[in-house]
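If you count by my numbering, then the sequence shown holds residues 2 to 352, one letter each, in order. Where is the CB? At the ideal position from N, CA and C, for every residue including glycine. Notes to accompany the following structure.
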Amino acid sequence: MVDLDSQQIVEKLSKDPMAEAIYLLPEQIIAGWEVALPDLSAVASPDNVVIVGMGGSAIGGDLVRVLGQAEVPVPVNVVRDYTLPAYVGPGSLVIASSYSGNTEETLSAFTQAKEVGAQLIAISSGGKLAELAGAWQIPYIKIPSGLQPRAALGYSMFPLLKIFSSLGLMKVSQADIEAVAKLLTELREEFKPEVPAGENGAKVVALALEGLIPLVYGSEPLLGPVAYRWKTQVNENAKSVIFNNTLPELDHNEINSWTAQPGLAKKIGVVILRDTGESPQMQKRINATRKLIEEDVGAIIEVHSRGTAPLERIFSLIYLGDYVSLYLAMLFEADPTPVEIIEKLKRELAK
């Protein structure tokens, strides 16, 4: 059994690139917000906004979408595909986000956006997307290279927020960004490897999930993408199977699946993400859902958001999930940084 508090684990994580990237997320958030924007004065007020991206580059779009639901006056959609919806046209703003700049699905959809006359903005660290932006003479935002896409959330999301703010679609201030970074700076002092399991909330969750298949529940409207971020971080960092779902939707289907196969249910560890901004109806629903399933599953853990504003609350749970994925990697004796199967698939597709 792996001891997360052992000096061996602490030293191993002190040298791990993914652990370092997670630790430095607060600084990356500030840097992502401060990335220089091109001149956007020619961008007309859009009828809709489509953010095109895959994997770690798309999650920033998901988060901006849910953060803006109560404020952005036009529909916002995130497309993870080679093709765009039929409604995309001259009245649309299409923003392509690809960390490498070479994501084939993103390049394909962005080329289609050009063909239908949409307004275009591109974000990448270089690659073919940068070349297209130069050739098409469209606004281009260059972000730093050298990271795994999933470890570049500050660069994939906060330039997007700045675009939305600059275009008058959302109100986001420097103070909002600094508040998020400050909160995460405090949280990393609780979650870092040197802090023992008895005082480390991320280690507590990872240990509760050891030997179980994780399942993460997040409530609408804010925490659906956060639950998905937990899933993908555990997939890539811990190399583990994990599932996610959202409330209230799961109460209309998945909740009915726990009793027929009790042996299977006992192999699942449920993490419920709780938001301090939950409506009374959602609080009642989550509490009732937990009561109905807690005897059937292998473990059930609730974790609560920290901070005041929605942006802070979302990132407090994202940051916890990032650290949980790191400690699950240690428990599963997996290297958090490489994603060999993904790279192998890319090589196969390139043939």
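*Inter-stretch contact (C-beta, 8 Å, three-pair minimum) for the segment 196-210 and the segment 282-298*: Under the three-pair Cβ rule at 8 Å, the segment 196-210 does not count as touching the segment 282-298.
*Buried or exposed: where does Y88 fall if 16 or more other Cβ atoms within 10 Å of its Cβ makes it buried?*
Locating residue 88 in the sequence shown gives position 87, where the first residue counts as 1. Looking at its Cβ environment, which holds fewer than 16 other Cβ atoms inside 10 Å, Y88 is exposed.
*Thinking C-beta only, is D276 closer than 8 Å to R230?*
Within the sequence shown, the letter at position 229 stands for residue 230. Within the sequence shown, the letter at position 275 stands for residue 276. No, they are not a contact pair.
*May I ask you to report which of helix, strand or coil DSSP gives K143?*
As a working note, residue 143 is residue 142 in the sequence shown. K143: strand per DSSP, three-state reduction.
_Looking only at its chain, what residues have a beta carbon closer than 6 Å to the beta carbon of R307, apart from the 5 residues adjacent to it on each side?_
To locate residue 307, count along the sequence shown from 1; it is residue 306. So the list reads S317, once near-sequence residues are dropped.
*To the nearest angstrom, report how far apart P145 and D252 are at their CA atoms.*
Start at 1 with the first residue of the sequence shown, and residue 145 comes out as number 144. Start at 1 with the first residue of the sequence shown, and residue 252 comes out as number 251. Distance between the alpha carbons of P145 and D252: 42 Å.
*Tell me whether the beta-carbon of T104 lies closer than 8 Å to the beta-carbon of M55.*
Taking the sequence shown and counting its residues from 1, one reaches residue 104 at position 103. Taking the sequence shown and counting its residues from 1, one reaches residue 55 at position 54. Less than 8 Å separates the beta-carbon of T104 from that of M55.
_Measuring CB atoms only, is the segment 253-262 touching the segment 178-190, in the sense that at least three cross pairs come out at less than 8 Å?_
No: the two stretches stay apart, fewer than three of their Cβ pairs being nearer than 8 Å.
*asked:* One question on the structure: do A131 and F111 come within less than 8 Å of each other, judged by their Cβ atoms?
replied: Translated into positions along the sequence shown, residue 131 becomes position 130. Translated into positions along the sequence shown, residue 111 becomes position 110. No, they are not a contact pair.
_Neighbourhood of Q113 by C-beta distance below 7 Å, restricted to the same chain and skipping five residues each side_ = Within the sequence shown, the letter at position 112 stands for residue 113. By the criterion of a C-beta distance shorter than 7 Å, Q113 is surrounded in its chain by T84, L85, once the five residues flanking it on both sides are discounted.
*Would you mind sorting G90 into buried or exposed? The rule is 16 or more other CB atoms within 10 Å of its CB.*
Taking the sequence shown and counting its residues from 1, the one referred to as residue 90 is at position 89. Burial is judged here by how many other beta carbons sit within 10 angstroms of a residue's own beta carbon; G90 has fewer than 16 and is exposed.
*When burial is assigned at 16 or more other CB atoms within 10 Å of the CB, is Q46 buried or exposed?*
Your numbering for residue 46 matches position 45 in the sequence shown. Note on residue identity: the sequence assigns Ser, not Gln, to residue 46. Within 10 angstroms of the beta-carbon of S46 lie fewer than 16 other beta-carbons, which makes it exposed.
_Integer-rounded CB distance, given that G155 should sit under 8 Å from G33_ = On the sequence shown, residue 33 is found 32 positions in, with the first residue counted as 1. On the sequence shown, residue 155 is found 154 positions in, with the first residue counted as 1. That belief holds up - the Cβ atoms of G33 and G155 are roughly 4 Å apart, short of 8 Å.
*Got a sec? Which residues, its chain only, sit under 8 Å from P263 by beta carbon, not counting five neighbours each side?*
Along the sequence shown, read from residue 1 onward, the residue named residue 263 stands at position 262. The beta carbon of P263 sits closer than 8 Å to those of D297, all from its chain and outside the five residues before and after it, given in chain order.
_Same chain, Cβ closer than 8 Å to P160, neighbours up to 5 away in sequence not counted_ = Stepping through the sequence shown from its first residue, residue 160 is reached at position 159. Only G33, W34, V36, L38, I124, I142, I144 meet the Cβ criterion.
*Proximity winner among V272, E221, T233, relative to P281 (alpha-carbon distances)*: Along the sequence shown, read from residue 1 onward, the residue named residue 281 stands at position 280. Relative to P281, the option among V272, E221, T233 whose CA is nearest is E221.
*Which residue's Cα is closest to the Cα of A239: L121, L265, S326?*
For this step, residue 239 is matched to residue 238 along the sequence shown. The shortest Cα separation from A239 among L121, L265, S326 belongs to S326.
*Using 10 angstroms around the beta-carbon of G62, count the other beta-carbons present and answer buried if the total reaches 16, otherwise exposed.*
Taking the sequence shown and counting its residues from 1, one reaches residue 62 at position 61. It counts as buried.
_Cβ distance (whole Å) where Y324 is taken to contact L26 below 8 Å_ = Along the sequence shown, one-based indexing puts residue 324 at 323. Along the sequence shown, one-based indexing puts residue 26 at 25. No, Y324 and L26 are not in contact; Cβ-Cβ is about 10 Å, not under 8 Å.
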